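Below: the structure, in structure tokens.
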Amino acid sequence: MDRANVLSGAAFRTAAYAALAVVAALILTGVTAFSYLSATLDTTLAQQIRADEIMLHDIYDGGGKADLAQAISEINNPVAQTPRVIGMFNADGTKLAGNIDRMPPLGTSKRMVLTTTDHNARASSYYLNTARFDDVTLVLGQDLSLTDAAERSFLWVLLAAGVVLTAAILGIGYGASRSSLIKLTRLERTLDLVSNGDTDARVPVMPQMDQIDRIAARVNTHLERLSGLMISTRTTAAAIAHDLRTPLSRAFLSLQDALTRLDRGQDPRAAIEAADDELTSLGGIFDAILRIARIETQSGKRDFKPLSLAPLLADMVETFGPVAEESGQTLALLSSSQDAQILGDERMLRQMLVNLIQNTMTHCPVGTICTLRLQADDQAVTLDFADDGPGIPEGDRIRVFEPFYRLDRNRTTKGSGLGLALVKAIAERHGAAIHLSDNRPGLKVTIQFPPEVPVKPVVPVKKGKSASTRG
Amino acid sequence: MKILLAEDDDRVAAFIVNGLSESGHSVERVADGRDALSYCLYNSADLAILDRMMPGMDGLSVLKALRAATNDVPVIFLTALGDVDERVEGLCAGADDYLAKPFHFSELQARVAALTRRRKEMADTTALEVHDLRLDLLARTASRKGRIIDLQSKEFVLLDVLMRNAGRVVTRTMLLEQVWDFTFEPGTTVVETHISRLRGKIDRPFDVPLLHTVRNTGYMMHGPR
């Protein structure tokens with residue numbers, strides 16, 4: 001796995017920011033705690049020195065220089081537990097007693113590195129204080145090595161804590177980033193597979209269902225739909241090619257026939273007209289395919305208008321009633337609800353009705369009665385289109401809506417096999433549910449449109465009460 | 472009749488130019504939308520036939536520019552973009568007719584004929600007459616030789632369209648569009664059936680037939696010649 005990809009992951013970046021914040025917080029608290037600690041230690045040392053000084057001052061007050069020198073050499077026991085600095089100097093800086101040879105320059109910082117005259121003494125850091133008793137200068141100092149050590153270990157602990165915390169946070173971030181990268185890579189690979197034509201590839205979804213898993217689940221749902229579409233596109237394309245070849249070859253034959261007739265000095269007119277018919281029907285198939293595609297890809301109800309279905313149905317029956325009559329069938333409007341309002345496109349709906357009627361008239365025998373019924377309630381506007389013809393076997397009822405699907409396998413009857421596909425596309429475009437059932441005998445097509453809900457005018461809230469309480 | 476044809480396909484253009492010239496029109500052909508626009512603006516054509524997809528400027532833009540310049544030359548779109556929406560779009564932009572490719576030449580010819588005379592007659596006609604048949608558009612009644620003929624509403628519209636175009640061929644597709652508002656092929660004998668019913672009412676009881684079938688093309692109303 002590419003490390004750069006892991007490091008650019010959101011989880012790792014968040015962890016890096018968290019680590020930065022932790023380090024900053026550590027530095028801030030460290031500085032505060034450290035200055036507090038060293039101030040406290042210094043105060044303690046200063047207090048000890050002050051106590052010694054008072055004691056020595058008492059001795060000086062009582063016995064003068066000699067007693068003070070005596071006391072100093074007693075205090076300055078070389079085997080004392082904590083090394084300390086003590087020195088007594090004349091006004092001219094000559095040493096009278098103590099364990100340092102020279103008087104440290106006064107007025108300098110209180111911390112100073114000195115070497116005492118004690119046995120085995122090494123240079124060490126001391127906290128110094130200088131006091132003057134008349135012409136005598138007394139220098140007292142406490143060893144700082146202990147407090148320095150304390151301060152140093154405090155810093156070390158702080159540093160160690162910082163390093164450990166940062167490493168832990170970055171580690172967790174790296175881990176999280178890596179695991180999401182693994183999932184994302186799988187997602188990517190699956191999408192690649194699908195786009196390369198593997199319609200069965202799906203993204204693995206982990207049971208913990210984190211954000212990425214939820215997205216993966218959604219992606220799978222979409223892939224499911226997409227694969228369905230891809231497969232149906234493939235089959236449709238094959239069906240189109242197959243169905244277009246039939247009229248095309250018939251047109252070829254007719255044209256060849258026309259040429260032959262011309263050669264023989266016969267009238268080629270009939271053959272040319274036959275070719276023309278075939279090509280016209282070919283054009284019709286193209287139109288229907290384009291129309292279905294157009295309707296299916298359009299979305300929204302931009303151009304839809306509220307319309308009443310009853311006049312449309314009456315129009316259809318007036319138009320096709322006589323046509324049905326001529327072929328020995330009957331088309332009748334049984335009942336028609338005048339308040340069946342829907343939101344729709346009139347031209348599309350007209351084509352839908354024509355296709356349904358045409359479908360019945362081509363596939364039903366002489367004597368068939370075809371009835372239309374329109375009902376409306378709050379839930380739906382329902383259009384029933386029923387006939388007492390041969391019907392459609394239950395297993396085929398869903399498939400007849402597929403483009404080019406025909407009950408007549410030999411494709412001898414007229415029709416492109418697109419009529420019902422177009423009906424379904426138009427119904428779906430209108431948000432209508434289409435359902436085929438057994439009319440005992442015959443076929444019943446039920447189309448349920450969502451009713452057009454007129455926008456109710458907003459009734460203004462009575463303002464009398466609130467206005468009076470306000471006044 | 473001076474007709475401008477804007478069509479970028481040479482074979483289709485040659486076919487149309489030949490056909491229209493044979494019917495006695497003088498045809499000027501251009502292959503570019505911009506040429507079509509400038510021709511219409513600087514010459515007085517009686518009719519323009521525009522393709523929609525052309526180099527330079529598409530037909531729809533040409534039409535919009537013409538109408539914006541208050542040029543009201545009749546325009547027929549002749550295009551492969553034959554879908555309902557495209558058709559509506561074209562007509563809304565001010566086209567007078569819309570014919571989708573592929574088409575039969577007779578279809579184009581009938582529409583050209585219908586358009587070139589429509590302008591003059593349209594307007595405020597309240598009654599149409601062909602020989603002794605009279606259609607009262609206000610009372611919505613038909614009568615022949617003084618006898619009232621009872622017509623269904625579709626039959627009335629059908630007769631209206633036919634009589635407005637008296638003396639000219641009205642194709643089956645034109646009838647489907649103008650009478651039934653079908654912009655698709657209904658695949659049944661709608662037109663034939665209704666024409667035959669109409670004949671039964673306006674022609675059969677009388678001695679002179681007025682509604683004639685033009686073979687392979689459509690129908691024509693005319694009195695005895």
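First to last, the sequence lines map onto chains A and B. Under my numbering, residues 1 to 471 are what the first sequence spells out, in order. Under my numbering, residues 472 to 696 are what the second sequence spells out, in order. The C-beta atom is built at its ideal place from N, Cα and C for all residues, glycine as well. The model shown is predicted, which means the values in this text are computed figures rather than measured ones.
Q: Indicate whether A/Gly391 and A/Asn359 have their beta-carbon atoms separated by less than 9 Å.
A: No, they are not a contact pair.
Q. Which class does B/Asn489 belong to by DSSP, given the choice of helix, strand or coil?
A. Reduced to three states, the DSSP call for B/Asn489 is helix.
Q: Would you mind working out which of B/Leu570, B/Val628, B/Leu508, B/Ile620 sits nearest B/Leu552, comparing C-alpha positions?
A: Nearest C-alpha to B/Leu552: B/Leu570.
Q: Evaluate contact between the region 658-676 of chain B and the region 604-620 of chain B, counting only Cβ atoms and requiring at least three cross-stretch pairs below 8 Å.
A: Yes, they touch.
Q.
Only counting the same chain, and skipping five residues up and downstream in sequence, which positions put a Cβ closer than 6 Å to that of A/Ala332?
A. Closer than 6 Å at the Cβ level, and outside the excluded window around A/Ala332, lie Thr371.
Q: Classify A/Thr260 as helix, strand or coil using the three-state DSSP reduction.
A: A/Thr260 falls in the helix class under three-state DSSP.
Q: Taking only runs that begin and end inside the region 610-649 of chain B, name each unbroken alpha helix (DSSP H) of 4 or more residues, in chain order.
A: Unbroken alpha helix (DSSP H) stretches of 4 residues or longer found wholly inside the region 610-649 of chain B: 624-635, given in chain order.
Q: For the beta strand (DSSP E) holding A/Arg84, just list the boundary residues, first then last.
A: Looking at the DSSP string, the run of the beta strand (DSSP E) that includes A/Arg84 is 84-89.
Q. What residues from chain B crowd round A/Gly284, counting only those whose CB sits closer than 7 Å?
A. When 7 Å is used as the limit between beta carbons, A/Gly284 is near these residues of chain B: Glu656, in chain order.
Q. Going by alpha carbons, who is nearest to A/Pro41 out of A/Ala340, A/Arg84, A/Ala150, A/Thr166?
A. Position check: residue 41 of chain A holds Leu in this sequence, whereas Pro was assumed. In terms of Cα proximity to A/Leu41, the closest of A/Ala340, A/Arg84, A/Ala150, A/Thr166 is A/Ala150.
(Q) Below 7 Å on C-beta distance, what does A/Leu290 contact in chain B? (A) Result: Asp554.
Q. Relative to the alpha-carbon of A/Gln211, which residue among A/Arg202, A/Leu187, A/Leu96 has its alpha-carbon at the smallest distance?
A. Per the Cα distances, A/Leu187.
Q | Helix, strand or coil at A/Tyr405 [DSSP, three-state] | A | A/Tyr405 carries a coil assignment under DSSP once its states are collapsed to helix, strand and coil.
Q. What does A/Val323 touch in chain B if you count any residue whose Cβ is under 7 Å from its own?
A. Using a Cβ-Cβ cut-off of 7 Å, A/Val323 is close to Thr659, Thr660, Val661, Thr664 of chain B, given in chain order.
**Q.** Three-state class that DSSP yields for A/Thr469 in the structure shown
**A.** Because A/Thr469 carries a pLDDT of 41, less than 50, the predicted location of this residue cannot be relied on, and the following value inherits that uncertainty. Helix, per DSSP.
Q) Between A/Ala237 and B/Glu557, what straight-line distance do the alpha-carbon atoms span, to the nearest angstrom? A) Using only the alpha carbons, I get a separation of about 24 Å.
Q | Selection from B/Asp607, B/Phe576, B/Ala581, B/Met691 that minimises the alpha carbon distance to B/Phe486 | A | Comparing Cα-Cα distances from B/Phe486 to each of B/Asp607, B/Phe576, B/Ala581, B/Met691, the minimum goes to B/Phe576.
Q: Spell out whether any CB of chain A is found under 9 Å from the CB atom of B/Ser624.
A: Closer than 9 Å: yes.
Q) Going along the chain, which residues of its own chain have a beta-carbon closer than 8 Å to the beta-carbon of B/Thr587, five neighbours each way excluded? A) Contacts found: Met472, Asp517, Leu518, Pro545.
Q: Give me the Cα-Cα distance between A/Gly64 and A/Gly98, rounded to the nearest whole angstrom.
A: Their Cα atoms are separated by approximately 16 Å.
(Q) Contact criterion: CB-CB distance below 9 Å. Does A/Gln358 meet it with respect to chain B? (A) Yes, A/Gln358 lies at the interface with chain B (some Cβ there is under 9 Å from its Cβ).
Q: At 9 Å on the CB atoms, spell out the chain B contacts of A/Asp396, in chain order.
A: Within chain B, no C-beta atom comes nearer than 9 Å to that of A/Asp396; the closest sits roughly 21 Å away.
**Q.** Between the CA atoms of A/Pro311 and A/Arg429 - distance to the nearest angstrom
**A.** One Cα belongs to A/Arg429, the other to A/Pro311, and the distance between them is close to 21 Å.
**Q.** Members of the region 628-656 of chain B near chain A, C-beta cut-off 8 Å
**A.** If the cut-off is 8 Å between Cβ atoms, the region 628-656 of chain B has Trp651, Asp652, Phe653, Thr654, Phe655, Glu656 near chain A.
**Q.** Those residues which DSSP pairs with B/Tyr569 across a bridge
**A.** According to DSSP, B/Tyr569 shares a beta bridge with B/Phe548.
Q. Taking all protein chains shown into account, do 16 or more other C-beta atoms lie within 10 angstroms of the C-beta of B/Gln580, making it buried, or fewer, making it exposed?
A. With 16 or more other Cβ atoms from the protein chains shown falling within 10 Å of its own Cβ, B/Gln580 counts as buried.
Q) What first and last residue would you give for the alpha helix (DSSP H) that runs through A/Asp148? A) For A/Asp148, the uninterrupted alpha helix (DSSP H) run begins and ends at 145-195, by DSSP.
Q | Helix, strand or coil at B/Pro526 [DSSP, three-state] | A | Taken through DSSP and simplified to helix, strand or coil, B/Pro526 comes out as coil.
**Q.** Residue nearest to A/Ala425 in terms of C-alpha spacing, selected from A/Ala161, A/Pro403, A/Ala21, A/Ser437
**A.** Ranking A/Ala161, A/Pro403, A/Ala21, A/Ser437 by Cα distance to A/Ala425 puts A/Pro403 first.
**Q.** Contacts of A/Gln351 in chain B (Cβ-Cβ under 9 Å)
**A.** When 9 Å is used as the limit between beta carbons, A/Gln351 is near these residues of chain B: Val555, Phe653, Thr654, Phe655, Pro657, in chain order.
Q | Element boundaries [beta strand (DSSP E), containing B/Asp607] | A | Its beta strand (DSSP E) spans residues 604-607.
Q | Candidates A/Ala201, A/Pro451, A/Val194: closest to A/Gln375 by CA position | A | That would be A/Pro451, whose Cα lies nearest to the Cα of A/Gln375.
Q | Alpha-carbon spacing of A/Ser254 relative to A/Ile240, whole angstroms | A | Spanning the two alpha carbons is a distance of roughly 22 Å.
**Q.** A/Thr137 beta carbon less than 9 Å from that of A/Phe89
**A.** At a Cβ-Cβ threshold of 9 Å, A/Phe89 and A/Thr137 count as neighbours.
Q. Going by alpha carbons, who is nearest to B/Leu681 out of B/Asp503, B/Phe627, B/Met634, B/Asn687?
A. Per the Cα distances, B/Met634.
Q. B/Arg668 versus chain A: which residues are under 8 Å apart at the beta carbon?
A. Neighbours of B/Arg668 in chain A, taken as residues whose beta carbon is under 8 Å from its own, are Pro322 in chain order.
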